[in-house]
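Going down the list, the sequences are from chains A and B.
Oh and the first sequence: position 47 is 51 in the numbering used here, straight run, nothing missing.
Oh and the second sequence: position 141 is 145 in the numbering used here, straight run, nothing missing.
Before any comments, here is the structure.
Protein chains: 2
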Amino acid sequence: MQNFEYRNPVKIVFGKGTIGKLSDLITKDKKILLAYGGGSIKKNGVYDQVVKALKGYSVVEFAGIEPNPQYDTCMRAVKVVKDEKIDFILSVGGGSVLDAVKFIAAAAKFEGPESWDILTKNAKIKSAVPLGCVLTLPATGSEMNTNAVISRSKTGEKLAFSSEQVSPVFSILDPETTYSLPESQVANGVVDAFVHVMEQYMTYDVNSPVQDRFAEGILKTLIEEGQKVMTDPKNYEVRANIMWAATMALNGLIGQGVPQDWATHMIGHELTALYNIDHARTLAIIMPAVWKHQRQQKGAKLAQYARRVWDVQTSDDNKAIDAAIQKTIDFFRGLDIPTTLGDVDLTPEDCKKAVEQLRNRGSKLGERGIITAKQVEEIFSLAA
Amino acid sequence: MQNFEYRNPVKIVFGKGTIGKLSDLITKDKKILLAYGGGSIKKNGVYDQVVKALKGYSVVEFAGIEPNPQYDTCMRAVKVVKDEKIDFILSVGGGSVLDAVKFIAAAAKFEGPESWDILTKNAKIKSAVPLGCVLTLPATGSEMNTNAVISRSKTGEKLAFSSEQVSPVFSILDPETTYSLPESQVANGVVDAFVHVMEQYMTYDVNSPVQDRFAEGILKTLIEEGQKVMTDPKNYEVRANIMWAATMALNGLIGQGVPQDWATHMIGHELTALYNIDHARTLAIIMPAVWKHQRQQKGAKLAQYARRVWDVQTSDDNKAIDAAIQKTIDFFRGLDIPTTLGDVDLTPEDCKKAVEQLRNRGSKLGERGIITAKQVEEIFSLAA
Chain A
5 MQNFEYRNPV
15 KIVFGKGTIG
25 KLSDLITKDK
35 KILLAYGGGS
45 IKKNGVYDQV
55 VKALKGYSVV
65 EFAGIEPNPQ
75 YDTCMRAVKV
85 VKDEKIDFIL
95 SVGGGSVLDA
105 VKFIAAAAKF
115 EGPESWDILT
125 KNAKIKSAVP
135 LGCVLTLPAT
145 GSEMNTNAVI
155 SRSKTGEKLA
165 FSSEQVSPVF
175 SILDPETTYS
185 LPESQVANGV
195 VDAFVHVMEQ
205 YMTYDVNSPV
215 QDRFAEGILK
225 TLIEEGQKVM
235 TDPKNYEVRA
245 NIMWAATMAL
255 NGLIGQGVPQ
265 DWATHMIGHE
275 LTALYNIDHA
285 RTLAIIMPAV
295 WKHQRQQKGA
305 KLAQYARRVW
315 DVQTSDDNKA
325 IDAAIQKTID
335 FFRGLDIPTT
345 LGDVDLTPED
355 CKKAVEQLRN
365 RGSKLGERGI
375 ITAKQVEEIF
385 SLAA
Chain B
5 MQNFEYRNPV
15 KIVFGKGTIG
25 KLSDLITKDK
35 KILLAYGGGS
45 IKKNGVYDQV
55 VKALKGYSVV
65 EFAGIEPNPQ
75 YDTCMRAVKV
85 VKDEKIDFIL
95 SVGGGSVLDA
105 VKFIAAAAKF
115 EGPESWDILT
125 KNAKIKSAVP
135 LGCVLTLPAT
145 GSEMNTNAVI
155 SRSKTGEKLA
165 FSSEQVSPVF
175 SILDPETTYS
185 LPESQVANGV
195 VDAFVHVMEQ
205 YMTYDVNSPV
215 QDRFAEGILK
225 TLIEEGQKVM
235 TDPKNYEVRA
245 NIMWAATMAL
255 NGLIGQGVPQ
265 DWATHMIGHE
275 LTALYNIDHA
285 RTLAIIMPAV
295 WKHQRQQKGA
305 KLAQYARRVW
315 DVQTSDDNKA
325 IDAAIQKTID
335 FFRGLDIPTT
345 LGDVDLTPED
355 CKKAVEQLRN
365 RGSKLGERGI
375 ITAKQVEEIF
385 SLAA
């Protein structure tokens, strides 16, 4: 195990009927910006529950945060936060709304010349407006971490930042809020969480059995419950288990003391930025290709994954790895998620611009930093 | 899964050579009480590392905190904290020192007439002196939770309290500090952590696969690494894995949303208070007897434990349960830990006073609250 430092102060309020606790979680003197997306929360009753819980508070609304939240949208919200002297931001929605809120919270207090520097220049965030979350889509793990990803369509960029300052004060996770999600978003969420675990697990062995087994436990849960939710969408227990698994997948815990990969995410972000393909779908397309490309480097862990997560019985590592890759692909396809570039009508040739972006940035991806633009080109070929 | 609320803000600093980070973790203006036990830290170099890291700070020492820390000892330290105007307490040692420090921190700010009320009357703790920890013995999990257990020899009592106010600000976990522990303490620590997991796992099923698999992952790790550490005590990786497993065993995470038992601990505390038997040893004696007594109520989970943790292959639940209980006992005995009352020269008759204590308190133990004094008497018979 490698040395590490870990602290995660987010308060999780988990379970059905917990949105009403908002009034225990935010003091009455706070002026709140209520931030949300395209309005689905108005159809499924979540908006009404939130408004009821916030009765007596001073609330300003900011709607229209889009999937892969845009810098320009965020900056409009920053103006509202400043003009209205907002002192608490409540995100109601999925990871996109919450990521936007994290950026808004940081940008509203940012002292540099341009808030975009937070994303491109890793500018230090000294403070942020306090924020909380009512999560309606289990996927990104943003509800219990310090990360956010923001896009800028005019430059075709999708970039991440991280700061303890934007850690949510609390996150309310009510699995019932997820009943009305479209099937495709549920599937995306399961795959997103699954790949988050993989980015922290499918690397090389550093003798970390607690972290490995926690990762494998989340993977097995996502496989079992992910299959169930497609046929039994109103099953509370299934929804609850997916929601908690997705949070644990990326709250930092399983990644402590172990090497991390993130090549699949970095490559996937380029595809989303260029072709607007859903984040999770880019991951399902890229990850198996990364495994094929890095099969030797990841061999021991792929074989462990085959045996522990998929119960593959063969003693032949190569056969076990083949089986594990195929079972992973089958699992994604069973959720109606594409697993090749062809599935989304792209060719490796179409991805050249993504390769160029990574080359321009001098990217060295993966747990060993050995995946450069040239290797990414090969990975796109393997994803054809 | 049941509804839950979870927050754990402790900063963990994990790994070899991390004691030197103390000066990053405590601001220079703090007057520190350095609290420790019987002086083993002076023999193994930990004391020297701490003193070096705290060069330039104002430090007052308080030594002599005993295993199963005594109320009277703690109250002497409280006087020092008040007289010396201490504003940070650093625990250097194992769970006993840290539990004492938690109580000292709370009692120093306690406004009620008698600090003992914190333990007997569940008196509310409104504030506490901030505290941190350098852990030298993985066992109790106190380094990442809000709990403490304090004893009072004159009344034969051993009682627990819990408060967010006594959550450590940070805990430094350097596995190298554990190299010099006596073998018996290492074994005690492994068993203590193992039973902590069990108290949150071996109950009844509420469909919580993430929590179950995390628990099983910690159990498997403690079994594997616990066996290795006895023959290879200077193996850093083994020490590190035991240390992290023990912390994860009782930092609250695996117990979220699931029923909890704690009967073994409640009964074990009585034996320690009466006969001064090491805490972990009382647990190893009582837990198998609780399982035998509650075999029907815990049957499904015992069978799951048999198959997932011990890889018992039979499809017959009864045989699987028999095997799991025996394998658990064998694991403890392999660590040279007693597993019956006879092993520590006691009879069920000797335990009558413990039964009386529990009867006087009207205890209703276990995840269903159905274990009263009468059942405890039967459990002692099964532990003969």
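For each residue, glycine too, the CB sits at the ideal point set by N, CA and C.
Excluding the five sequence neighbours on either side, which residues of its own chain have a C-beta within less than 7 Å of the C-beta of residue i, listed in chain order?
| i | result |
| --- | --- |
| B/Tyr279 | Leu350 |
| A/Arg156 | Gln74 and Tyr75 |
Would you list the residues sitting across from residue i in a DSSP beta bridge?
| i | result |
| --- | --- |
| B/Cys4 | As shown, chain B starts at 5 and ends at 388. That puts residue 4 of chain B outside it, with no answer to give. |
| A/Gln74 | A/Ser155 |
| A/Lys162 | A/Ser155 |
| B/Leu38 | B/Glu65 and B/Leu94 |
| A/Val17 | A/Ile176 and B/Glu9 |
| A/Ile375 | A/Leu369 |
How many angstroms separate the CA atom of residue i from the CA atom of residue j?
| i | j | result |
| --- | --- | --- |
| B/Pro134 | B/Ala388 | 44 Å |
| A/Lys398 | B/Val82 | Nothing can be reported for residue 398 of chain A: it is not among the residues displayed for chain A, which extend from 5 to 388. |
| B/Val173 | B/Gln53 | 20 Å |
| A/Asn7 | A/Gly261 | 6 Å |
| A/Ser44 | A/Ala250 | 21 Å |
| A/Ile227 | A/Phe335 | 7 Å |
| A/Val17 | B/Lys106 | 26 Å |
| B/Phe165 | B/Arg372 | 21 Å |
| B/Gln317 | B/Ala307 | 11 Å |
| A/His283 | A/Arg217 | 26 Å |
| A/Phe3 | A/Asn126 | Nothing about residue 3 of chain A can be reported from this structure: the residues present for chain A run from 5 to 388 only. |
| B/Ala110 | B/Asn151 | 12 Å |
| A/His273 | A/Lys162 | 6 Å |
| B/Ala197 | B/Gly41 | 21 Å |
| A/Gln330 | A/Gln204 | 20 Å |
| A/Lys32 | A/Gly60 | 8 Å |
| A/Thr124 | B/Gly230 | 47 Å |
| A/Gly370 | A/Lys356 | 20 Å |
So, residue i versus residue j, is the Cβ gap smaller than 7 Å?
| i | j | result |
| --- | --- | --- |
| B/Lys305 | B/Leu386 | no |
| A/Gly145 | A/Ala219 | no |
| B/Ser290 | B/Ile271 | The sequence shown places Ile at residue 290 of chain B, not Ser. Cβ atoms of B/Ile290 and B/Ile271: closer than 7 Å. |
| A/Ile93 | A/Leu37 | yes |
| B/Ile375 | B/Ala277 | no |
| A/Gly221 | B/Gly221 | yes |
| B/Val138 | B/Val96 | yes |
| A/Pro71 | A/Ser100 | yes |
| A/Ala57 | A/Leu26 | yes |
| B/Pro263 | B/Thr207 | yes |
| B/Ser175 | B/Glu147 | yes |
| A/Asp178 | A/Thr22 | yes |
| B/Leu257 | B/Val313 | no |
| B/Arg11 | A/Lys128 | no |
| A/Val348 | A/Val380 | no |
Which residues in chain B have a C-beta closer than 9 Å to the C-beta of residue i? List them in chain order.
| i | result |
| --- | --- |
| A/Ala310 | None at all; the shortest Cβ gap to chain B is about 17 Å. |
| A/Gly261 | Phe18, Gly19, Ala244 and Trp248 |
Using a Cβ cut-off of 8 Å, pull out every chain A residue sitting near residue i, in sequence order please.
| i | result |
| --- | --- |
| B/Glu9 | Lys15, Ile16, Val17 and Phe18 |
| B/Glu228 | Pro213 |
Which residues in chain B sit within 7 Å of residue i, going by Cβ to Cβ distance?
| i | result |
| --- | --- |
| A/Ile222 | Val214 |
| A/Met252 | Val214 |
| A/Glu241 | Met5 and Asn211 |
If you drop the 5 nearest sequence neighbours on each side, which residues of the same chain put their C-beta closer than 8 Å to that of residue i?
| i | result |
| --- | --- |
| A/Tyr183 | Asn48, Pro237, Lys238 and Arg243 |
| A/Lys86 | Ala112 |
| A/Thr343 | Ala288, Ile289, Pro292, Ile333, Phe336 and Arg337 |
| B/Val233 | Val190, Val194, Asn239, Val242, Arg243 and Ile246 |
| B/Gly303 | Asp321 and Ile325 |
Which residues of chain B have a Cβ atom closer than 8 Å to the Cβ of residue i, listed in chain order?
| i | result |
| --- | --- |
| A/Thr225 | Pro213, Val214 and Arg217 |
| A/Met202 | Ordered by position in chain B, no residue passes the 8 Å Cβ test against A/Met202, which lies about 16 Å from the chain. |
For residue i, which residues in chain A fall below 7 Å Cβ to Cβ?
| i | result |
| --- | --- |
| B/Thr22 | Asn7 |
Grab me the residues of residue i's own chain with a C-beta within less than 6 Å of its C-beta, minus the 5 sequence neighbours each way, in chain order.
| i | result |
| --- | --- |
| A/Tyr51 | Ile45 |
| B/Ser62 | Lys35 |
| B/Gln361 | Glu274 |
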